[in-house]
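Novice: Handing you this structure, nothing more for now.
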């Protein structure tokens, strides 16, 4: 019996002081107790919470919404409602894996090249024909550029920003566009950028190109303020409207001057 107890004790000591490697055979550090090594397409899936109320230690009566528990510090979970990995610091849950020395209050993306055309005719009784194009502006976040970031929101696809933090936002729009308008009245072509949140039009930025025959390059800048919530999808719809008896064609974006920035101000 004593021999059995001694053997069990030795095994327990060895397990308590051993290093465990998953996905490999040799630990990369002598300080590692549990190490996950990756070769090929192997991933680690974190435990998931549907929203913040499911996170451990959630307590709505607390000022920061969470109970304090130093013994649970360094827990990781993925919050599906916020599309973020969260870490518990012993008092509350906060975003994990923030990039050091990077701004988390704004995001900026360049506007890719987009072509828009419009043909419009009319008579004494009103408009006869209007064939005008409209489309969402497309964006990209250049790699390895300190002037652009993707920390406050995520460019989900080439057209859509996914907001990460609730707040009041300043939306700054800068675009260089070039082309021509040829018409026979004093109205010219109207160019409108519509800010769309979750499919609903929220703000408009509009201007007119010169009437009659006009060819040129223009740099336009404008600001707007909107309240945006977590996981709101934001797109920018470009609309080109022609006046009577006119034809217009413009290229938008595709230059270093053309960008959209979204900054949380409150």
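Numbering (my numbering), first residue to last: 943 to 1208.
Here a beta-carbon is modelled for each residue, glycine too, at the ideal position from N, C-alpha and C.
Using only alpha-carbon positions, find the residue among 1051, 1190, 1138 that is nearest to residue 1123.
Specialist: For the residues 1051, 1190, 1138, the minimum Cα distance to residue 1123 belongs to 1190.
Novice: Which class does residue 1102 belong to by DSSP, given the choice of helix, strand or coil?
Specialist: coil
Novice: Taking residue 986 as the reference, give the member of 977, 1058, 1163, 992 with the closest Cα.
Specialist: 977
Novice: Using the rule of at least 16 other Cβ atoms within 10 Å of the residue's Cβ for burial, across every protein chain shown, is residue 1058 buried or exposed?
Specialist: Burial is judged here by how many other beta carbons sit within 10 angstroms of a residue's own beta carbon; residue 1058 has at least 16 and is buried.
Novice: Excluding five sequence neighbours on each side, which residues of the same chain lie with their C-beta closer than 8 Å to the C-beta of residue 1012?
Specialist: Counting only Cβ-Cβ distances below 8 Å, and skipping sequence neighbours, we find 1032.
Novice: What are the complete beta strand (DSSP E) segments, minimum 3 residues, inside the segment 1136-1208?
Specialist: 1142-1150, 1156-1170, 1175-1183, 1188-1194, 1201-1206
Novice: Which residues bound the beta strand (DSSP E) around residue 1029?
Specialist: Here the beta strand (DSSP E) through residue 1029 covers 1026-1030.
Novice: If I follow the unbroken beta strand (DSSP E) through residue 1083, where does it start and stop?
Specialist: Run containing residue 1083: none; DSSP gives neither H nor E here.
Novice: Going by CA-CA distance only, name the one from 1112, 1181, 994, 1200 that's closest to residue 1030.
Specialist: 994
Novice: Taking buried to mean at least 16 other C-beta atoms within 10 Å of its own C-beta, is residue 1042 buried or exposed?
Specialist: Reliability fails at residue 1042, whose pLDDT of 47 lies under 50, so the model's placement of it is uncertain and the value that follows must be treated cautiously. Result: exposed.
Novice: So residue 1111 and residue 1205 are in contact, right, with Cβ under 8 Å, and what is the actual spacing, rounded?
Specialist: 6 Å
Novice: Between the C-alpha atoms of residue 966 and residue 980, what's the straight-line distance to the nearest angstrom?
Specialist: Rounded to the nearest angstrom, the two C-alpha atoms are 8 Å apart.
Novice: Let me know if residue 1019 comes out buried or exposed under the rule of 16 or more other beta-carbons within 10 Å of its beta-carbon.
Specialist: Buried is the call here.
Novice: Is there contact between the segment 988-1004 and the segment 968-976, where contact requires at least three CB pairs shorter than 8 Å?
Specialist: no
Novice: Beta strand (DSSP E) containing residue 1113: first to last residue?
Specialist: 1109-1125
Novice: According to DSSP, simplified to helix, strand and coil, what is residue 1012?
Specialist: Residue 1012: helix per DSSP, three-state reduction.
Novice: Within 10 angstroms of the Cβ of residue 1016, are there 16 or more other Cβ atoms? Answer buried if so, exposed if not.
Specialist: exposed
Novice: By how many angstroms is the C-alpha of residue 1121 removed from the C-alpha of residue 1159?
Specialist: 7 Å
Novice: I'd like to know whether the C-beta atoms of residue 1137 and residue 1144 end up nearer to each other than 8 Å.
Specialist: Against a cut-off of 8 Å, the Cβ pair of residue 1144 and residue 1137 comes out as a contact.
Novice: Would you identify the three-state DSSP class for residue 1215, choosing helix, strand or coil?
Specialist: This structure gives no information on residue 1215, because the portion of the chain shown stretches from 943 to 1208.
Novice: Suppose contacts are defined by Cβ-Cβ distances below 8 Å. Is residue 1202 in contact with residue 1119 by that definition?
Specialist: Taking 8 Å as the Cβ cut-off, residue 1202 and residue 1119 do not qualify as a contacting pair.
Novice: Go ahead and pull the three-state DSSP assignment for residue 1042.
Specialist: The pLDDT assigned to residue 1042 is 47, lower than 50, so where the model puts this residue is not dependable; a value taken from the coordinates is nonetheless given after this. Three-state result, residue 1042: coil.
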